[in-house]
Structure formats: structure tokens, C-alpha cells
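Asks:
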Amino acid sequence: GESVGLHLPTLSVQEGDNSIINCAYSNSASDYFIWYKQESGKGPQFIIDIRSNMDKRQGQRVTVLLNKTVKHLSLQIAATQPGDSAVYFCAENPVMNRDDKIIFGKGTRLHILP
Amino acid sequence: DVKVTQSSRYLVKRTGEKVFLECVQDMDHENMFWYRQDPGLGLRLIYFSYDVKMKEKGDIPEGYSVSREKKERFSLILESASTNQTSMYLCASSLLRRAYEQYFGPGTRLTVT
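Protein chains in written order, with this note's numbering: chain A, 61 to 174; chain B, 22 to 134.
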């Protein structure tokens, strides 16, 4: 079946260091892989997506890497700041009929140490 | 900026009551979604809609129904609320061909007593 999961539920990173959040997926037919950020008391916020025919995509201070061989997705945040404290969800967009669902992973909490 | 608003941030209802959760988006998005979020279970899709009067079941539709009479508004209905429906409910919207880029509202924390 489909599943999107994360290796670690909590990640603590020193302010200023780079953060790497990992995700494993099982559906090889997904067309897009996505990262969302959810701050306390707010709904999830779209960060970045990567299409299945790409290996890497960069945004502002974030980089997403996709390794289809081992079905692994990661989000790298450069120079982590206190505002990066949040729960990060990976998600995938399976290509199935005309279904527009995305499947979310359970989330990793990123904790920034001063 | 896309704005998705939900009618209430906090709601307390009694078992057996009929509950309406309203969601409005202002970006003319075709798709709208209702999720519930529970600790340890993540985000689970209840229903979604890709057009007015159209609806599709998500992963956990039991005990819920939806209504989409206007493009900008998507309502979630709990016909007879039960305690196991105590949860955070999140509404989202997206463009039809970018369903992976969803914009979420702030959520409604529903407690059923």
C-alpha cells in the first residue's frame, strides 16, 4: 500500500547550522513530492515541491533531494533560524486516475537550540 | 496571498449534535479539501471537491458529509457528533492542476463532549 513516513519524529539543531529532515516513501508512481511546514497554532504551509523526474530542487534557504532508487526524500534548511521551528511534513501526489489527493507523512518536529 | 478562512477556531459540541464547519477561500481555486489532524496520526483526508456540487470521499469519510454549493465555500457536516470526532479540522484549497500545492486555513479545534 501507499505510505509516506519519516525516520525521526524530533530533530534538534543548533541555530545557524544546517538542518536535514528525511522522509521515506513507498509509492513509486507518485508524480510530485512535497514539503509542508506547520508552525504551532497554524495550518500547514507549502514550502517546496519536486517532480519525480528531478533529483534536486532549490528554493530560498531550502533544498529538496529526491533519490528514487531508495525511495528517499530530504529537506535541507540552510543556516537554521528560530523561525524554522515547526513540524515538517513530507507528502506525495500519487498519479492514479483523476484522484487529486496527496498523502502526508506523520511529520518531524524541528527544534532549534539557541 | 491566498487566504483560506474557517468559521471557528474553537468549537465545543455535545454528543449527537449536528455540527457545521465552514471554509471559504478567496483565490478562485477549483479544489477544496477537509482533513482532520490527530497526534500520532498526521493529516487524514476526509473529503475533497474539485468543482461546485462535486465531492469525493477521502480516506476517512465515515460520519461526515460535505457540501459545496459555491466555488469559494466548502462545508463539512457532522450529522451526529461523537466523542471520537474530537480533533483539529483543517480546510485547504488548490488549483485544479496543482493539487500538491495546497493552502490551508488555521484549523478548527472541535471538542465533542
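All residues carry an ideal CB built from backbone N, CA and C; glycine is no exception.
Owing to the predicted nature of the structure, the values given are computational and were not obtained by experimental measurement.
Closer than 7 Å by C-beta to residue 38 of chain B: which residues in its own chain qualify, once you throw out the five before and the five after it? Chain order, please.
Replies: Reading the second sequence from its first residue, position 17 is the one you call residue 38 of chain B. Answer for residue 38 of chain B: 102, listed in chain order.
Asks: Suppose contacts are defined by Cβ-Cβ distances below 9 Å. Is residue 99 of chain A in contact with residue 145 of chain A by that definition?
Replies: In the first sequence, residue 99 of chain A corresponds to position 39, counting from 1. In the first sequence, residue 145 of chain A corresponds to position 85, counting from 1. Taking 9 Å as the Cβ cut-off, residue 99 of chain A and residue 145 of chain A qualify as a contacting pair.
Asks: State yes or no: is the beta carbon of residue 123 of chain B nearer than 9 Å to at least one beta carbon in chain A?
Replies: On the second sequence, position 102 is the one that residue 123 of chain B refers to. At least one chain A Cβ lies under 9 Å of residue 123 of chain B.
Asks: CA-CA distance, residue 147 of chain A and residue 81 of chain B?
Replies: The residue given as residue 147 of chain A occupies position 87 in the first sequence. The residue given as residue 81 of chain B occupies position 60 in the second sequence. Rounded to the nearest angstrom, the two C-alpha atoms are 23 Å apart.
Asks: With contact counted as at least three CB pairs below 8 Å, one residue from each stretch, are the stretch 30-49 of chain B and the stretch 163-174 of chain A in contact?
Replies: The answer is no - the stretch 163-174 of chain A does not touch the stretch 30-49 of chain B, with fewer than three Cβ pairs under 8 Å.
Asks: To which residues does DSSP link residue 134 of chain A through a beta bridge?
Replies: Numbered from 1 along the first sequence, position 74 holds the residue referred to as residue 134 of chain A. BP columns for residue 134 of chain A point to A:82, A:125.
Asks: Report the CB separation of residue 73 of chain B from residue 104 of chain B in whole angstroms; it is logged as a contact under 8 Å.
Replies: As a working mapping, residue 73 of chain B is identified with position 52 in the second sequence. As a working mapping, residue 104 of chain B is identified with position 83 in the second sequence. Actually they do not touch by this definition, with Cβ atoms about 33 Å apart.
Asks: Cα separation between residue 67 of chain A and residue 85 of chain A?
Replies: The count along the first sequence starts at 1 and reaches residue 67 of chain A at position 7. The count along the first sequence starts at 1 and reaches residue 85 of chain A at position 25. Note that residue 67 of chain A scores 46 on pLDDT, short of 50, meaning its location in the model is unreliable and no value can be drawn from it.
Asks: With distances taken Cα to Cα, identify the nearest neighbour of residue 91 of chain B among B:126, B:43, B:106.
Replies: Start at 1 with the first residue of the second sequence, and residue 91 of chain B comes out as number 70. Measuring from the Cα of residue 91 of chain B, the nearest candidate turns out to be B:43.
Asks: Just to confirm my understanding: we take residue 77 of chain A, look at its own chain, exclude 5 residues before and 5 after, and list those with CB closer than 7 Å. What are they?
Replies: As a first step, residue 77 of chain A is located in the first sequence; it is residue number 17 there, counting from the start. Result list for residue 77 of chain A: 140, in chain order.
Asks: Kindly indicate if chain B contains any beta-carbon less than 9 Å away from that of residue 104 of chain A.
Replies: Translated into the one-based positions of the first sequence, residue 104 of chain A becomes position 44. By this cut-off, residue 104 of chain A is an interface position.
Asks: Would residue 45 of chain B and residue 113 of chain B qualify as a contact pair, given that the criterion is a beta-carbon distance under 9 Å?
Replies: Position 24 of the second sequence, counting from 1, holds the residue named residue 45 of chain B. Position 92 of the second sequence, counting from 1, holds the residue named residue 113 of chain B. No, Cβ-Cβ distance for residue 45 of chain B and residue 113 of chain B is not below 9 Å.
Asks: Is the shortest distance between the beta-carbon of residue 82 of chain B and the beta-carbons of chain A less than 9 Å?
Replies: The count along the second sequence starts at 1 and reaches residue 82 of chain B at position 61. No, residue 82 of chain B does not count as interfacial toward chain A.
Asks: Which of helix, strand or coil does DSSP assign to residue 63 of chain A?
Replies: Your numbering for residue 63 of chain A matches position 3 in the first sequence. Low confidence applies to residue 63 of chain A: its pLDDT is 46, below 50, so where it sits in the model is not reliable, and the reading given next is rough at best. Note: residue 63 of chain A maps to coil in three-state DSSP.
Asks: DSSP on residue 27 of chain B, reduced to helix/strand/coil?
Replies: In the second sequence, the residue the question calls residue 27 of chain B occupies position 6. Residue 27 of chain B: strand per DSSP, three-state reduction.
Asks: Looking only at its own chain, which residues have a Cβ that is under 6 Å from the Cβ of residue 70 of chain A, when we skip the five neighbours before and after it?
Replies: Locating residue 70 of chain A in the first sequence gives position 10, counting from the first residue. Excluding sequence neighbours, residue 70 of chain A sits near 169.
Asks: Spatial neighbours of residue 122 of chain B within its chain, please: C-beta separation below 8 Å, excluding the five flanking residues on both sides.
Replies: One-based indexing of the second sequence puts residue 122 of chain B at position 101. Counting only Cβ-Cβ distances below 8 Å, and skipping sequence neighbours, we find 115, 116.
Asks: Which residues share a DSSP beta bridge with residue 168 of chain A?
Replies: Taking the first residue of the first sequence as position 1, residue 168 of chain A is located at position 108. According to DSSP, which records beta bridges pairwise, residue 168 of chain A is partnered with A:148.
Asks: Just to confirm my understanding: we take residue 66 of chain B, look at its own chain, exclude 5 residues before and 5 after, and list those with CB closer than 6 Å. What are they?
Replies: Walking along the second sequence from the start, residue 66 of chain B turns up at place 45. 56, 79, 80.
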